[in-house]
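Read top to bottom, the protein sequences are chains A and B. Per my numbering, residue 286 is the first one in the first sequence, and the count goes up by one each step. Per my numbering, residue 3 is the first one in the second sequence, and the count goes up by one each step. Backbone N, C-alpha and C fix where the C-beta goes; we use that ideal spot for every residue, glycine too.
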Amino acid sequence: MEALVKMNKVTKIYKKTNPGLRKNSVNNIAVDDISFAIARGEIFGLIGESGCGKTTLVNLMLGLIKPDRGEIVIDTVDITKLKSNREFLPIRKRMQAVFQNSSSSLNPQMTLKKIITEPLKNFHLPEQGVAEELLEDVGLSASWILRKPAQLSGGQRQRVSIARALALKPDFIILDEATSNLDVITSKQIIDLLKKLNDKYKMMMLFISHDIGVVDDFCHRKAIMKNGEILEIVKQFGPPENHHPYTQKLLQARLHI
Amino acid sequence: MASIMIVLAIFAPILAPNDPNKIDVMNSLNQSSSEFPLGTDQLGRCIFSRLLYGARTSLTVTAMVLVVTITIGTLVGTLSGIFSDRLIDKLFTALCEVLLAFPGILFALVIAGMLGPGVLNIMIAIAIVSWAKYARVIRGLVIGTKNADYVKAARVAGTNHLHMITWHILPNIKNTIGTLIVTDIGSTILTISGLSFIGLGAQASEAEWGMMINEARMYIIKSPQMILYPIVTIIIVVLAFNLIGDALASNEELEGL
Chain A
286 MEALVKMNKV TKIYKKTNPG LRKNSVNNIA VDDISFAIAR GEIFGLIGES
336 GCGKTTLVNL MLGLIKPDRG EIVIDTVDIT KLKSNREFLP IRKRMQAVFQ
386 NSSSSLNPQM TLKKIITEPL KNFHLPEQGV AEELLEDVGL SASWILRKPA
436 QLSGGQRQRV SIARALALKP DFIILDEATS NLDVITSKQI IDLLKKLNDK
486 YKMMMLFISH DIGVVDDFCH RKAIMKNGEI LEIVKQFGPP ENHHPYTQKL
536 LQARLHI
Chain B
3 MASIMIVLAI FAPILAPNDP NKIDVMNSLN QSSSEFPLGT DQLGRCIFSR
53 LLYGARTSLT VTAMVLVVTI TIGTLVGTLS GIFSDRLIDK LFTALCEVLL
103 AFPGILFALV IAGMLGPGVL NIMIAIAIVS WAKYARVIRG LVIGTKNADY
153 VKAARVAGTN HLHMITWHIL PNIKNTIGTL IVTDIGSTIL TISGLSFIGL
203 GAQASEAEWG MMINEARMYI IKSPQMILYP IVTIIIVVLA FNLIGDALAS
253 NEELEGL
């Protein structure tokens, strides 16, 4: 299948300068020479422990930060070469994200209608009835459009985040630990919803999680990440001994829980 | 108490039993009477009427000083916070550091001394000294808010800088700015009265609490109520605004939990 997103030898280094008179700087390699490609319509899983560089990878793909080396190609455009927000805007329309913390990813001052239609306003697209339709798409009542995030549960807020991400009908969505803060039942409901939306809209999804079980169940291909590196990419997990020692540990931990 | 004082200030022309500037030396330094509820000063002017009109001067000047300082502080602080670590932020931060390095009241004295006595000039002097404090606090608030996930999500959705500020950042810090303003009303009233007391603010003919204390100090033995009433009024009003500020600040802390 044709690749929609290609990461080619991407490296991101954070320089930490120690305070004081002797300002020694320490390099922290958050993402180390990573290469992979994700096809249109594919659900790609990324598994890794906290601090392994998953969120840095998300920020790089979303163009929120620039890599130190390598290229990130979306369709045919290398987004690392884009210089201004204006140049980035056509790409923004094609990619959206859902973040981990449902309580902080929605502006508490805005109504659900304003939250969901904000991306449409930015691109001067028609808003009539879109918020209501998307709320129903994600399993919420259309009559809730004037509610504020504080009136919703964690799972409902995450559904609103997904609705906002769908507003522009993007080619791909990045789900950064989108189910990590939810209880098991709500998490399962969100995964089922995402499967349904993937079937309906055929959009690429990058699903990031530290839960190997959820990723295994939901994603077409899975990448294992540790210390800023991709250790292996698999379609199906086989017997633990066939995998990288770190993947073996993850698989064994899953069996024991 | 604070709202009573605001109402009294607004309706001073109706509520004042006498013309605050009407000189009647035959009635100077009178005790309380039905005609002069709090007695008269050395020129026979009604102290009660002068206190009411003084409230107008003090509260109007305070309001105008705070409007100017908060406008400049919000503008500078927001720009600085949005473009943190860029040249504009470094310039604004350096300017604020320089202004905050001066002892505020002395700097205001120098400016007021240079501009000459007068209510407008002390407003300018206090505004020049005070905006930097707001700018620094607001810069911190903006930096804190711009790292929230909903701002990140808005960036991904293509929201521009102006909408980022007006839709996401200012609405979420407005309560804290409001608390900051109310907390500062008391100290601004004290500064205005202090500058008027030393002759840099209101002129002798104008009814102003600081000026009233200044005029009354010569008669502290002969007619102590003349100095007592404006002092008590200042204490009550400043205390009332400080208590409101404290209550709002506690409320903010509770909301932040």
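Could you tell me the distance, in whole angstroms, from the CA atom of leucine 342 of chain A to the CA atom of isoleucine 459 of chain A? Looking up residue 342 of chain A in the first sequence gives position 57. Looking up residue 459 of chain A in the first sequence gives position 174. Each residue's Cα considered, the two are about 10 Å apart.
Can you find a CB in chain A that lies within less than 8 Å of the CB of threonine 161 of chain B? Indexing the second sequence from 1 puts residue 161 of chain B at position 159. So, interface residue.
Beta-ladder partner(s) of glycine 330 of chain A, from DSSP: To locate residue 330 of chain A, count along the first sequence from 1; it is residue 45. BP columns for glycine 330 of chain A point to A:Phe492, A:Lys507.
By alpha-carbon positions, which one of B:Ile229, B:Arg219, B:Glu208 ends up nearest to valine 63 of chain B? Sequence index remark: in the second sequence, residue 63 of chain B carries index 61 (1-based). Selected option, being the one with the closest Cα: B:Glu208.
Check whether the Cβ of glutamine 394 of chain A lies closer than 8 Å to any Cβ atom in chain B. Along the first sequence, read from residue 1 onward, the residue named residue 394 of chain A stands at position 109. Output row for glutamine 394 of chain A: interface = yes.
Other residues of its chain near aspartate 363 of chain A: CB distance less than 8 Å, five sequence neighbours each side excluded: By 1-based counting over the first sequence, the position of residue 363 of chain A is 78. The residues are Glu356, Ile357.
What separation, rounded to the nearest whole angstrom, lies between the Cα atoms of glycine 142 of chain B and glutamate 287 of chain A? Working through the second sequence from its first residue, we reach residue 142 of chain B at position 140. Working through the first sequence from its first residue, we reach residue 287 of chain A at position 2. For glycine 142 of chain B and glutamate 287 of chain A, the distance between alpha carbons rounds to 45 Å.
Report the residue from B:Val67, B:Leu81, B:Leu245, B:Ser30 whose alpha carbon sits nearest the alpha carbon of isoleucine 49 of chain B. For this step, residue 49 of chain B is matched to residue 47 along the second sequence. The shortest Cα separation from isoleucine 49 of chain B among B:Val67, B:Leu81, B:Leu245, B:Ser30 belongs to B:Ser30.
Are any of the Cβ atoms in chain A nearer than 8 Å to that of aspartate 151 of chain B? Numbered from 1 along the second sequence, position 149 holds the residue referred to as residue 151 of chain B. Under the 8 Å criterion on CB atoms, aspartate 151 of chain B is classed as interfacial with respect to chain A.
In this structure, does DSSP put methionine 292 of chain A in helix, strand or coil? Along the first sequence, one-based indexing puts residue 292 of chain A at 7. Correct three-state label for methionine 292 of chain A: strand.
Between valine 234 of chain B and chain A, is any beta-carbon pair separated by less than 8 Å? The sequence position of residue 234 of chain B within the second sequence is 232, counting from 1. No, its Cβ sits nowhere closer than 8 Å to a Cβ of chain A.
If the criterion is Cβ atoms closer than 8 Å, does the pair isoleucine 509 of chain A and isoleucine 332 of chain A meet it? For the purposes of this step, residue 509 of chain A is taken as residue 224 along the first sequence, with counting starting at 1. For the purposes of this step, residue 332 of chain A is taken as residue 47 along the first sequence, with counting starting at 1. Yes, Cβ-Cβ distance for isoleucine 509 of chain A and isoleucine 332 of chain A is below 8 Å.
Near threonine 71 of chain B, what residues of its chain come up, given a Cβ to Cβ distance below 7 Å and the 5 sequence neighbours on each side ignored? Translated into positions along the second sequence, residue 71 of chain B becomes position 69. Counting only Cβ-Cβ distances below 7 Å, and skipping sequence neighbours, we find Ala129, Ser132, Trp133, Tyr136.
DSSP on arginine 325 of chain A, reduced to helix/strand/coil? Residue mapping note: residue 325 of chain A aligns to position 40 of the first sequence, counting from 1. Collapsing the DSSP output to three states places arginine 325 of chain A in coil.
Partners in chain B for serine 390 of chain A, counting only beta-carbon separations shorter than 9 Å: By 1-based counting over the first sequence, the position of residue 390 of chain A is 105. Within chain B, the C-beta atoms nearer than 9 Å to that of serine 390 of chain A come from Ala150, Asp151, Tyr152, Lys154, Ala155, in chain order.
Determine contact between the region 95 to 109 of chain B and the region 158 to 173 of chain B, defined as no fewer than three beta-carbon pairs at a distance below 8 Å. In the pairwise beta carbon analysis, the region 95 to 109 of chain B is classified as not touching the region 158 to 173 of chain B: fewer than three pairs are separated by under 8 Å.
Determine the contact status of isoleucine 359 of chain A and isoleucine 376 of chain A, defining contact as a CB-CB distance below 8 Å. Walking along the first sequence from the start, residue 359 of chain A turns up at place 74. Walking along the first sequence from the start, residue 376 of chain A turns up at place 91. Between isoleucine 359 of chain A and isoleucine 376 of chain A, the C-beta gap is smaller than 8 Å, which places the two residues in contact.
Give me the Cβ distance between serine 60 of chain B and isoleucine 194 of chain B, rounded to the nearest whole Å; I'm assuming they're in contact under 8 Å. Taking the first residue of the second sequence as 1, we reach residue 60 of chain B at position 58. Taking the first residue of the second sequence as 1, we reach residue 194 of chain B at position 192. Contact between serine 60 of chain B and isoleucine 194 of chain B holds, with the beta-carbon distance rounding to 6 Å and staying under 8 Å.
Can you list, in chain order, the residues of its chain with a C-beta nearer than 8 Å to that of methionine 28 of chain B? Leave out the 5 residues immediately preceding and following it. As a first step, residue 28 of chain B is located in the second sequence; it is residue number 26 there, counting from the start. If the five residues before and after methionine 28 of chain B are omitted, its C-beta is found closer than 8 Å to the C-beta atoms of Gly46, all from its own chain and listed in chain order.
May I have the straight-line CA-CA distance separating histidine 528 of chain A from lysine 520 of chain A, to the nearest angstrom? Along the first sequence, read from residue 1 onward, the residue named residue 528 of chain A stands at position 243. Along the first sequence, read from residue 1 onward, the residue named residue 520 of chain A stands at position 235. When the Cα atoms are used, histidine 528 of chain A and lysine 520 of chain A turn out to be separated by approximately 12 Å.
From B:Ile6, B:Val144, B:Ile233, B:Asp43, residue whose alpha carbon lies closest to that of tyrosine 221 of chain B: What you label residue 221 of chain B is simply residue 219 of the second sequence in a count that begins at 1. Closest option to tyrosine 221 of chain B, Cα to Cα, is B:Asp43.
Proximity winner among A:Arg444, A:Leu453, A:Arg432, A:Pro455, relative to leucine 467 of chain A (alpha-carbon distances): Counted from its first residue, the first sequence places residue 467 of chain A at position 182. For leucine 467 of chain A, the nearest C-alpha among the options comes from A:Arg444.
Assuming isoleucine 84 of chain B contacts valine 9 of chain B under a Cβ cut-off of 8 Å, what Cβ separation, rounded to an integer in Å, is found between them? As a first step, residue 84 of chain B must be located in the second sequence, where it is residue number 82. As a first step, residue 9 of chain B must be located in the second sequence, where it is residue number 7. Contact check for isoleucine 84 of chain B and valine 9 of chain B: beta-carbon distance about 39 Å, past the 8 Å limit, so the pair fails to qualify.
What does a CB cutoff of less than 8 Å around methionine 66 of chain B pick up in its chain, not counting 5 residues either side in sequence? Position 64 of the second sequence holds residue 66 of chain B. A distance below 8 Å between beta-carbons, with the five flanking residues on each side excluded, links methionine 66 of chain B to the following residues of its chain, in chain order: Met125.
Quick check on glycine 355 of chain A: does DSSP put it in helix, strand or coil? On the first sequence, position 70 is the one that residue 355 of chain A refers to. DSSP places glycine 355 of chain A in strand when its eight states are reduced to three.
For the pair the region 478 to 490 of chain A and the region 389 to 400 of chain A, tell me if three or more CB-CB distances fall below 8 Å. Below 8 Å, too few C-beta pairs join the region 478 to 490 of chain A and the region 389 to 400 of chain A to call them touching: fewer than three.
Measure from the alpha carbon of valine 571 of chain A to the alpha carbon of each residue in A:Asp317, A:Thr302, A:Gly414, then state which is nearest. Beyond the ends of chain A as shown, which are 286 and 542, falls residue 571 of chain A; an answer cannot be given.
Could you name each continuous beta strand (DSSP E) segment of 3 residues or more that falls completely within the region 428 to 481 of chain A, going from the start of the chain to the end? You should have 457 to 461.
Quick one, are the C-beta atoms of alanine 103 of chain B and alanine 114 of chain B less than 8 Å apart? By one-based count along the second sequence, residue 103 of chain B stands at place 101. By one-based count along the second sequence, residue 114 of chain B stands at place 112. No, the pair does not count as a contact, with Cβ atoms beyond the cut-off.
Residues of the region 171 to 192 of chain B whose Cβ lies closer than 8 Å to any Cβ of chain A, in chain order: Against chain A - using a Cβ distance shorter than 8 Å - the residues of the region 171 to 192 of chain B are Pro173, Asn174.
Which same chain residues, not among the five before or five after glutamine 227 of chain B, have their C-beta less than 8 Å away from its C-beta? Here residue 227 of chain B refers to the residue found at position 225 when the second sequence is read from its first residue. The residues are Gln33, Ser34, Leu40, Gly41, Ile49.
Taking a contact to mean a Cβ-Cβ separation below 8 Å, would you say alanine 450 of chain A touches valine 383 of chain A in this structure? Your numbering for residue 450 of chain A matches position 165 in the first sequence. Your numbering for residue 383 of chain A matches position 98 in the first sequence. Taking 8 Å as the Cβ cut-off, alanine 450 of chain A and valine 383 of chain A qualify as a contacting pair.
From lysine 398 of chain A to serine 472 of chain A, what distance separates their C-alpha atoms? Indexing the first sequence from 1 puts residue 398 of chain A at position 113. Indexing the first sequence from 1 puts residue 472 of chain A at position 187. Roughly 24 Å separates the two Cα atoms.
Residues, ordered as in the chain, of the region 400 to 416 of chain A that lie near chain B by beta-carbon distance below 7 Å: The region 400 to 416 of chain A vs chain B, Cβ under 7 Å: Glu403, Pro404, Asn407, Phe408.
Specify the secondary structure class of isoleucine 183 of chain B as computed by DSSP and reduced to three states. The residue labelled residue 183 of chain B in the question sits at position 181 within the second sequence. Isoleucine 183 of chain B carries a helical assignment under DSSP once its states are collapsed to helix, strand and coil.
I need the straight-line Cα distance from lysine 511 of chain A to lysine 300 of chain A, nearest angstrom please. Position 226 of the first sequence, counted from the start, is the residue given in the question as residue 511 of chain A. Position 15 of the first sequence, counted from the start, is the residue given in the question as residue 300 of chain A. Their Cα atoms are separated by approximately 19 Å.
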